[in-house]
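S.K.: Below are the structure tokens for one structure; questions will follow.
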Amino acid sequence: MGDTFRGSRILFTFTLFFTGCGPAGGGCSSAPPASTPVLEDVFKPGTTLTNLGIDSNGEFEALPSPSVIVWFRAPYPTGVEVTVNGVILEQTSDIARQQTLESQGLGFWLHRSGSPNLNVAGTPRWDIAVAAPPALRTSERFTIGLTDTSSNSTTPRSGTLTVKVAIGIPDWVSVPFNPENDSQVVLLDGQRISGCVDDELWRGNHIIDVGDMRASGGCNEEIVVFTKGNAVQLFAKLTSGIWTDSLRDFALVNLNSGLLQVPVDVWLLGAGLQTRATADFANADMIYDTSRCGVAFNPTFKDVSGTPAAAALFGTNINTMQNAAWRAALAGSAFFTTGRINVYYVGSPFSGQSASGFNASPYNSNIIGVDTTAQPETLAHELGHSFTLLHTTGLPGFLPTNLMMTGVTGRNALTEGQCFRVNVNKTSSLNTNLVRGGFIRDCPDGTTNSTCPPLSFDVP
Amino acid sequence: MFLESLSTIFLSSLLVGAPAQAGAPRAPAENSKLSQMHRSIDAWIECDDCNESQQNAVFKAGQAAVPVLVQYLREGPSPEKRELVRRQLVSAYHDLKEYEKRHPQATVPLSEEEYVRTYLDNYSARYQIRAAAALAAIGGTEARSAVEAVLRNPLRDDVKAALASALQRMRSR
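Respectively, the protein sequence lines represent chains A and B. Residue numbers are given in our numbering: position 423 of the first sequence equals residue 476, and the series is strictly consecutive. Residue numbers are given in our numbering: position 87 of the second sequence equals residue 89, and the series is strictly consecutive.
Take a look at the structure:
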């Protein structure tokens, strides 16, 4: 019964609207008194309607778009006047006419449905699309005016509902000086109108349109930029936020700094080891740079092969190297430089617990050993330990080519999740040796949360 | 590179079954045990910085592991594995030389031939040295004879020293 009534009523009002008469019957002169339309909501066009957010200035924020959709409530107006910045728009649903108006630099408006929606409580809801003049559709603000112009002997026009719209450039991350021009990887945490977002991935060069970001509220707010040829750039919310509720915010990411240069003292404990060590460092440079970890190594070679005391102090037995006394003796000797990574190239294979490479983390991440059976990536692998990374063997989401795998050959890559930890973990030798500044945190390999991206987060 | 690493896994899986095919047919459970042991040996030999459990898994395999270890001691990695690693090294060398053009600080002061030979020799040395270490830990006549025999061959100094040390440990047991 109710359905029948509603259906017939919709048909009735549809007819009335296009004949320009109110529902009370009796022709136009009996239209209800004009009353100021009441705004219900503003949307962006699309296959599904998406609410536009409203900022602290009372502006509905939209990305560049041919039109916005306005829902307002009003009785059954026999005439509606729509203005943009005070200029009256023509009502037309004829596409050819719309094109003509656009070619003349004019806007227009139309009813998206001919009838109001009666399935809402209270005053009927009307649904119109407003196409502002083309010049205002990008990078501009404008005001829509809505007035009921129904003729009535007592109230010829209603008051005007004003809807402020900001159609313009959204928020963006600006990365102006990317020498590699390599479509940098941007990870974004923050708040959108839909709520908190975590590890949104964006790619691009120079200016990356990230849509409409909002003031952080309770969300973690952070931008991380990974690129080849430059240090990882991290912006986190400190005392003030990166984004506001308005459009046109931008975060400037300066890539002028180049790669972080990691000083390393390389102690050559046997004869003829420098050539291989040099090649190993070249390989480490390539792996960490092309994986977008943002570091390069600056080795200083110290040939102590003619000083038996050096080789004797370091030794070859991995089991001995597990001892605190051994670490203390080495760190207190003339063959160790405090505050930087020390790599020892040994002229023989390690004994004891099997290894071709060794790092004393977590006790002393500045001690690395490499023996005569090492592969090209062994040094890079041990440097990964010095930067807090653990083995990835058996972990889901990792390719066999991951540098921190064990038991495979041909490793040549790290994930962005690993590079993030290399840079921010407080016990990474990058931070303990003060190679980098900026914020630090504690992201163990196994921890994933709003401030620690997954270890396996990888961008091809 | 990814494909090559997948090849590593594939080749490893081929190798796993090899000893079982040589003699009389084995029961599935026995095959599975051998496969597991073979995987353990390979994982341990190939690792950069092994943990104790990886090493113990091999040492505890005892005499069952000796034939594979002796093979690795005598011959190093299989021809298939050597070829796989050789191709990886060639590919890595080319990548490095390309990288070096734009990053002159990352110099590889070796020719392609020298680069491949250096690391391929290291790879073989690792197989021989770790096989000898495991044989020394396991002990037995076959293990000892194998180390003695290989020591009579021309060897790299570091390999020779490691094998001699292993033999000394076996003799002092």
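C-beta: ideal position from N, C-alpha, C; glycine also. Predicted model only: the values in this text are computed from it and were never measured.
1. Using a C-beta cutoff of 8 angstroms, does Q38 (chain B) count as contacting chain C?
2. Using a Cβ cut-off of 7 angstroms, pull out every chain B residue sitting near F411 (chain A), in sequence order please.
3. Answer yes or no: does any C-beta atom of chain B fall closer than 8 angstroms to that of G460 (chain A)?
4. Would you say V315 (chain A) and V348 (chain A) are within 8 angstroms of each other, going by their C-beta atoms?
5. Any beta carbon of chain B sitting closer than 8 angstroms to that of N336 (chain A)?
6. For F510 (chain A) and D252 (chain A), which I take to be in contact (beta-carbon distance under 8 angstroms), what is that distance rounded to the nearest angstrom?
7. CA-CA distance, A151 (chain B) and D318 (chain A)?
8. Can you find at least 3 beta carbon pairs, one from the region 440 to 450 of chain A and one from the region 396 to 410 of chain A, that sit closer than 8 angstroms?
9. State yes or no: is the beta carbon of E102 (chain B) nearer than 8 angstroms to at least one beta carbon in chain A?
10. List, from N- to C-terminal side, the beta strand (DSSP E) runs of 3 residues or more that fit wholly inside the region 291 to 341 of chain A.
11. Please determine whether the Cβ atom of I295 (chain A) lies at a distance below 7 angstroms from any heavy atom of the ligand MN.
12. Spatial neighbours of S126 (chain B) within its chain, please: C-beta separation below 7 angstroms, excluding the five flanking residues on both sides.
13. Closest by CA to N465 (chain A), which one among A:F492, A:P513, A:V423, A:S481?
14. CB-CB under 6 angstroms to S22 (chain A), same chain, minus the five flanking residues each way: which ones, in chain order?
15. Quick check on this structure: which residue in A:S88, A:G392, A:A184, A:W296 has the alpha carbon closest to the alpha carbon of R245 (chain A)?
16. Compare the C-beta of T391 (chain A) against all C-beta atoms of chain B and say whether one is closer than 8 angstroms.
17. Exposed or buried, what is G80 (chain A) when buried is set at 16 or more other beta-carbons lying within 10 Å of its beta-carbon?
18. Anything in the region 380 to 409 of chain A with a Cβ closer than 8 angstroms to a Cβ of chain B? List those residues in chain order, please.
19. Taking C-beta pairs closer than 7 angstroms, name the residues in chain A that R132 (chain B) reaches, listed in chain order.
20. Could you tell me the alpha carbon to alpha carbon distance between A182 (chain A) and T145 (chain A), rounded to whole angstroms?
21. Do V488 (chain A) and L313 (chain A) come within 8 angstroms of each other at the CB atom, strictly closer than that value?
22. Would DSSP call P81 (chain B) helix, strand or coil?
23. Exposed or buried, what is E100 (chain B) when buried is set at 16 or more other beta-carbons lying within 10 Å of its beta-carbon?
24. In three-state DSSP terms, what is D140 (chain B)?
25. How many angstroms separate the CA atom of A133 (chain B) from the CA atom of H96 (chain B)?
26. Would you tell me roughly how many angstroms separate the C-alpha atoms of F288 (chain A) and D262 (chain A), rounded to the nearest one?
27. For V277 (chain A) versus I197 (chain A), is the C-beta spacing smaller than 8 angstroms?
28. Would you mind sorting E114 (chain A) into buried or exposed? The rule is 16 or more other CB atoms within 10 Å of its CB.
29. Assuming T280 (chain A) and Q237 (chain A) form a contact by the criterion Cβ under 8 angstroms, report the distance between their Cβ atoms to the nearest whole angstrom.
30. Whose C-alpha, out of A:I122, A:N484, A:Q151, A:L171, is nearest the C-alpha of R165 (chain A)?
31. In chain order, what residues of the same chain have a beta carbon less than 6 angstroms from the beta carbon of L189 (chain A), not counting five sequence neighbours either side?
32. Taking the alpha helix (DSSP H) that C472 (chain A) falls in, what are its first and last residues?
33. In the structure shown, what three-state DSSP assignment does H164 (chain A) receive?
34. Please say whether P506 (chain A) and L105 (chain A) have beta carbons closer to each other than 8 angstroms?
35. How do the region 353 to 360 of chain A and the region 317 to 332 of chain A stand: do at least 3 beta-carbon pairs fall below 8 angstroms, yes or no?
36. Look at I260 (chain A) and P117 (chain A) and say whether their C-beta atoms are less than 8 angstroms apart.
M.R.: According to the data block:
1. No chain C is present in this structure, whose protein chains are A and B.
2. D51
3. yes
4. Yes; because the gap between Cβ atoms is below 8 angstroms, this pair is in contact.
5. yes
6. Yes, they are in contact, since the Cβ atoms of F510 (chain A) and D252 (chain A) sit about 7 angstroms apart, within 8 angstroms.
7. 41 angstroms
8. no
9. So yes, E102 (chain B) belongs to the interface.
10. Counting only runs of 3+ residues, the beta strand (DSSP E) found wholly inside the region 291 to 341 of chain A occupies 303 to 305, 313 to 321, in chain order.
11. Ligands in the displayed structure: none, and consequently the ligand MN is not present.
12. Answer for S126 (chain B): G78, P79, listed in chain order.
13. When each option's Cα is compared against that of N465 (chain A), the closest is A:P513.
14. Nothing can be reported for residue 22 (chain A): it is not among the residues displayed for chain A, which extend from 54 to 513.
15. A:W296
16. no
17. Here the model assigns G80 (chain A) a pLDDT of 41, short of 50, so the residue's position is not dependable, and the following value carries that caveat. Flag for G80 (chain A) reads exposed.
18. G400, S401, P402, S404, Q406, S407, A408, S409
19. S407
20. 10 angstroms
21. yes
22. helix
23. exposed
24. Reading off the sequence, residue 140 (chain B) comes out as Ile, not Asp. Assignment of I140 (chain B) by DSSP, reduced to helix, strand and coil, places it in the helix class.
25. 32 angstroms
26. When rounded, the separation of the alpha-carbon atoms in F288 (chain A) and D262 (chain A) is 17 angstroms.
27. no
28. With 16 or more other Cβ atoms within 10 Å, it is buried.
29. 4 angstroms
30. Checking every option, the nearest Cα to that of R165 (chain A) belongs to A:I122.
31. F195
32. 469 to 477
33. strand
34. It is not a contact, given that the beta carbons lie outside the stated cut-off.
35. Verdict: yes, contact present.
36. No, the pair does not count as a contact, with Cβ atoms beyond the cut-off.
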